[in-house]
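Note sheet for the following structure.
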Amino acid sequence: MANRSYMYEPQVDSKIYHPAPLATLHADKGAHFDLFLGVPTRGGQRYVLFKSADLDLTESKRKELIERGVKFLYVADEDAGNYFTFVDRTVGDILQAESATTEQKSALIYQTTAALVQATFTRPESPVLIKTNRTVVEHTVDAIASDPAMLRTMAATFTLDYSLYTHAVHVATIGTALLLELYGHETRVKDAAMGYLLHDVGKCRVPTQILRKGGVLTPIEMKEVERHPEHGVDLMRPHPEVPEVAMDIILSHHEKLNGRGYPRRLPPEKISVETRVCTLVDIYDALTSHRVYKSALRGVEALSYMRDKMYEEIDMGLLKELIRVLGPHKDK
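As numbered in the working numbering, residues 7 to 338 make up the sequence shown, in order.
The following block contains the structure:
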């Protein structure tokens, strides 16, 4: 924009804005894009230009926002590529800083990944976004593998209110922790974690009114929802950063061991361990989240339900491992 500004005039329009967590916006990293402040209104939120692209975000301004309780600034959709290129370049340095605590790393991973998934659902064709997903996934796996307290710390921040974006982060976090227990710190875990994070990306092609419906879906609506794994594969196929392990997870995470899942009704021998893990954690997070049509179960209740009611559909051996990995923090 032409105006050099901290806190310029309110800008209200129909553009899409993406959250940019303050944890990613360190003053010494060169955030050369417009940043907006979200201002609550009766009808939702309007966006005020806080910093124009030609100004630096100073540490004093950043600390001032933190002291005011601000966790996010926003970038306009046309600047999303610039912002996430910035994240791709800087997130590793922030996470690997000696001064970074487990709590700070956890907040950075959670907020950044949720914002990234939200942007990816808006622009799944963007090579920049998919590349940044891969970068953030790799750093997340490294953080969980190197810090025994990371899963517990991240789980403490999980929201009970369901959204596609936070759900993706929950599944990726818990699924990664479980797979690390099974495989150790291998590249295959990072490949699978990419699938866990993007397992529902095909839902961006499902009509919003169906996804937000507060009740039982009609058979036609259910058919539409059941197409999301194939939509997801179609959307991710052009991106080399999404490996075959991840593609299989995206396509097969609703398959069941009794052969009654979708979209291909696979027999159990055709369902990989990585995909079985995604299925387990996907169900667990759905059961322990508030939805329009149901209350959240406590973690113990959800795991008991899965053990007692879903033993023909899911891997009971992996469920035992999930219970062990969740340990004392399985109440979300």
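Just so you know, even glycine gets a beta-carbon here, dropped at the ideal spot from N, CA and C.
Return yes when the Cβ of residue j is within less than 8 Å of the Cβ of residue i, no when it is not.
i: G181; j: G208; result: no
i: L79; j: L43; result: yes
i: I22; j: D83; result: yes
i: H205; j: I150; result: no
i: V81; j: H24; result: yes
i: A183; j: L157; result: yes
i: I320; j: L272; result: no
i: P235; j: P269; result: yes
i: D153; j: T108; result: yes
i: V195; j: L185; result: yes
i: Y290; j: A308; result: yes
i: L203; j: V279; result: no
i: R68; j: L41; result: no
i: T128; j: K35; result: no
i: L325; j: R313; result: yes
i: Y168; j: R297; result: yes
In three-state terms, what does DSSP make of residue i?
i: P246; result: coil
i: V81; result: strand
i: D197; result: helix
i: K21; result: coil
i: A26; result: strand
i: K219; result: coil
i: I329; result: helix
i: K67; result: helix
i: I100; result: helix
i: L324; result: helix
i: R266; result: coil
i: R233; result: coil
i: R297; result: strand
i: D62; result: coil
i: Y14; result: Confidence in Y14 is poor, its pLDDT being 37 and thus under 50, which makes the residue's placement unreliable; the coordinate value appears in the next sentence. Coil, per DSSP.
i: N9; result: Only weak support is given to the placement of N9: the predicted model assigns it a pLDDT of 38, under 50, and the value that follows is read from those uncertain coordinates. Note: N9 maps to coil in three-state DSSP.
Just confirm the distance between the C-beta atoms of residue i and residue j, as a whole number of angstroms; I'd bet it's less than 8 Å.
i: G221; j: H145; result: Between H145 and G221 the Cβ distance is about 40 Å, and since that is not below 8 Å, they are no contact.
i: H345; j: D288; result: This structure cannot settle anything about residue 345, because the visible part of the chain is limited to 7 through 338.
i: T165; j: T172; result: 5 Å
i: V231; j: V212; result: 6 Å
i: A37; j: F92; result: 6 Å
i: V134; j: T119; result: The pair is not a contact, with the Cβ atoms about 16 Å apart (cut-off 8 Å).
i: T163; j: A113; result: 7 Å
i: A26; j: Y89; result: 6 Å
i: E327; j: L263; result: Wrong, their Cβ atoms sit about 16 Å apart, outside the cutoff.
i: F56; j: D85; result: F56 to D85, Cβ: 13 Å. No contact.
Judging by CA-CA distance, which residue of the options is the nearest neighbour of residue i?
i: V306; options: T294, E187, K300, Q215; result: T294
i: M253; options: N88, T281, P130; result: T281
i: L188; options: V331, A26, M200; result: V331
i: L241; options: S112, E131, L203; result: E131
i: A199; options: V283, A302, D94; result: V283
i: A292; options: L170, I277, H191; result: L170
i: R243; options: M228, G201, P225, Q110; result: G201
i: T126; options: Y311, K219, C210, L223; result: C210
i: D94; options: E73, V54, E247, N139; result: N139
i: V54; options: K300, E227, V45, T193; result: V45
i: T193; options: A155, E227, V248; result: V248
For the beta strand (DSSP E) that residue i lies in, which residues bound it at each end?
i: R211; result: Run containing R211: none; DSSP gives neither H nor E here.
i: L43; result: 41-47
What are the boundary residues of the alpha helix (DSSP H) that residue i is part of?
i: V54; result: Note, V54: premise wrong, no alpha helix (DSSP H); beta strand (DSSP E) at 50-57.
i: Y290; result: 279-293
i: P133; result: 133-152
i: H176; result: 170-189
i: E109; result: 108-128
i: K315; result: 305-315
i: T163; result: 156-163
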